[in-house]
Amino acid sequence: MKRLAVIGGAVATAMFSVTATPATAQFYFKPKELPTGRITGEEPGMLGAAMPGATREELDAAMVWNLRAALNVAALQCQFEPTLLTLRNYNGMLKDHEAELAASFATLGKYFRRVNKTPKEGQTAFDQFGTKVYSGFSTVSAQRIFCQTAGVVGEDVVHTPRGQLADVAATRLRELRGSLTAWGEQQFAHGGYGYTLTTFQPRLPDFANLQCWRKDIWQERRCGMLGEGILRTPGAPDPAALARN
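First residue of the sequence shown? That's 7 in this note's numbering, and the numbers climb one at a time after it.
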């Protein structure tokens, strides 16, 4: 190990790696197989809040608004993985399906005014509905599987012809709701390997001890090997992951 060449060599290696390494790989994560199937909007929990007495048109509008909310949350929370294109997909939906989104908003507003005594109460109920829907798609523990699912659904949305957004919502909302549960990695039941810091301090070269150096090279036979402060240890089995598999 050369004293003067350590930093320079590391920099040179880093520069070489940057120029020679291929583009960053895609999002690596094997998700749980989520429940799928078309919904009507009357199923418990699918719309984020109950809509008693809603017509078919009003339920369709609520499903569209749930789809918008899910992709909106994904656009904000999933930019840690740009390859999922959640922001691009959401903006594409706003542009390509603008008329449908506006119509669903208007239909929902009429529903809440219809089922409440006064326009003010209707507006308050509408606001509360929107808050419940949006907050219902915000997740931390299940972020990876939600983001991956939202990325796939968003791709379907941007390739869906205008006028068919309600159909996409009816066929994909069950999957989006299922992705809000933290299932975890499905490929490796034991969680792969864990990396833990050891209790001892890493041994660094003693630059002041001239007896340990010969022509700027560290003498391992005389002064010993330089230790590392990080050890790789097999990860402990995850009982929850084992139960799921």
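Positions of the beta carbon are idealized from the N, C-alpha and C atoms, including for glycine.
*Below 8 Å CB to CB, which residues in the same chain sit around E181 once its five sequence neighbours on both sides are set aside?*
Start at 1 with the first residue of the sequence shown, and residue 181 comes out as number 175. Spatial neighbours of E181 in its own chain (CB-CB distance under 8 Å, excluding positions within 5 residues in sequence) are listed in chain order as L40, P41, T42, T155, V159.
*State the CB to CB distance for the pair V79 and S147, rounded to an integer number of angstroms; the pair is presumed to be in contact (CB under 8 Å).*
On the sequence shown, residue 79 is found 73 positions in, with the first residue counted as 1. On the sequence shown, residue 147 is found 141 positions in, with the first residue counted as 1. The pair is not a contact, with the Cβ atoms about 15 Å apart (cut-off 8 Å).
_Unbroken alpha helix (DSSP H) run spanning R180, endpoints_ = Locating residue 180 in the sequence shown gives position 174, counting from the first residue. Here the alpha helix (DSSP H) through R180 covers 171-184.
*Look at the alpha carbon of N122 and the alpha carbon of M69, and state the distance between them as a whole number of angstroms.*
Position 116 of the sequence shown, counting from 1, holds the residue named residue 122. Position 63 of the sequence shown, counting from 1, holds the residue named residue 69. Each residue's Cα considered, the two are about 21 Å apart.
*Buried or exposed: I223, going by 16 or more other Cβ atoms within 10 Å of its Cβ?*
Here the question's residue 223 lines up with position 217 in the sequence shown. In the assembly as shown, I223 is an exposed residue. Its beta-carbon has fewer than 16 other beta-carbons within 10 Å.
*Spatial neighbours of G47 within its chain, please: CB distance less than 8 Å, with the 5 preceding and 5 following residues excluded, ordered by chain position.*
As a first step, residue 47 is located in the sequence shown; it is residue number 41 there, counting from the start. Here the set comprises L53, M57, A60, L65, D66, A68, M69, A176.
*Run through DSSP, which three-state label would I151 get?*
If you number the sequence shown from 1, residue 151 lands on position 145. I151 carries a helical assignment under DSSP once its states are collapsed to helix, strand and coil.
*asked:* Between which residues of its own chain and L114 is the CB-CB distance below 8 Å, once the five residues before and five after are set aside?
replied: Translated into positions along the sequence shown, residue 114 becomes position 108. Taken in chain order, the residues that qualify are E64, A67, A68, W71, F132, F135.
*Let me know the secondary structure DSSP gives R220 once reduced to three states.*
Taking the first residue of the sequence shown as position 1, residue 220 is located at position 214. Reduced to three states, the DSSP call for R220 is strand.
_Nonlocal neighbours in the same chain, by C-beta distance under 7 Å from H103, ignoring five residues either side_ = As a working note, residue 103 is residue 97 in the sequence shown. Counting only Cβ-Cβ distances below 7 Å, and skipping sequence neighbours, we find R168, L171.
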